[in-house]
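Report on the structure given below.
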Amino acid sequence: MLPDSKISQLIGLQIPGFTFPAEEQVPAKGSVSKVIHTFADYTGRMIRSEQLHEVKRCFTVAGVLYHNGSNALRNAIESAFMYTLSPLICGKHKELLPLSLKNVRIQHLQTIAI
Numbered sequence: 000m001l002p003d004s005k006i007s008q009l010i011g012l013q014i015p016g017f018t019f020p021a022e023e024q025v026p027a028k029g030s031v032s033k034v035i036h037t038f039a040d041y042t043g044r045m046i047r048s049e050q051l052h053e054v055k056r057c058f059t060v061a062g063v064l065y066h067n068g069s070n071a072l073r074n075a076i077e078s079a080f081m082y083t084l085s086p087l088i089c090g091k092h093k094e095l096l097p098l099s100l101k102n103v104r105i106q107h108l109q110t111i112a113i
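Numbering-wise (numbering that gives the first Met the number 0), the sequence shown opens with residue 0 and increments by one.
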């Protein structure tokens with residue numbers, strides 16, 4: 000399992016040129032969601048600017064974090080990352096999602112449809 004305290008560093012290593020604000024570099028307990036929200040904001044900017052290669056990279060990193068993360072990290076990806084990005088994801092973006100995130104998105108869409 001990935002340690003929550005290293006999430007911002009792991010994302011930073013995988014997404015060249017992307018940095019978190021200094022206060023998010025080593026998140027305090029309970030702020031994993033802040034890191035993921037910042038990551039979702041960045042990913043949303045990449046979606047809006049049609050940077051599909053970078054979007055795919057972000058989705059891949061999020062999928063790995065989701066698969067290997069703690070319950071807090073998984074919850075943050077489900078609630079902050081997918082909730083924030085769901086309205087922006089269209090057909091070409093859906094194809095870039097890893098299977099685990101596709102399933103999370105489907106569950107999210109089913110929840111809001113009820």
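C-beta: ideal position from N, C-alpha, C; glycine also.
Small disclaimer: the values here were computed from a predicted structure and weren't measured.
Alpha carbon of residue i to alpha carbon of residue j, nearest angstrom
i: F58; j: S30; result: 21 angstroms
i: A61; j: N67; result: 10 angstroms
i: L9; j: T110; result: 30 angstroms
i: N102; j: T18; result: 28 angstroms
i: P15; j: A79; result: 22 angstroms
i: S32; j: L108; result: 20 angstroms
Buried versus exposed call for residue i [16 or more other C-beta atoms within 10 Å across all chains shown]
i: L100; result: buried
i: M81; result: buried
i: M45; result: buried
i: S4; result: exposed
i: S48; result: exposed
i: S85; result: exposed
Of the residues the options, the one placed nearest residue i, counting alpha carbons only
i: I35; options: Q50, L1, N74; result: N74
i: L12; options: K91, H92, L64, I88; result: L64
Beta carbon proximity, residue i to chain B, threshold 7 angstroms
i: H52; result: The structure shown contains no chain B; it is built from a single protein chain.
Touch test, the region 96-108 against the region 38-46, Cβ-Cβ under 8 angstroms, three pairs minimum | no
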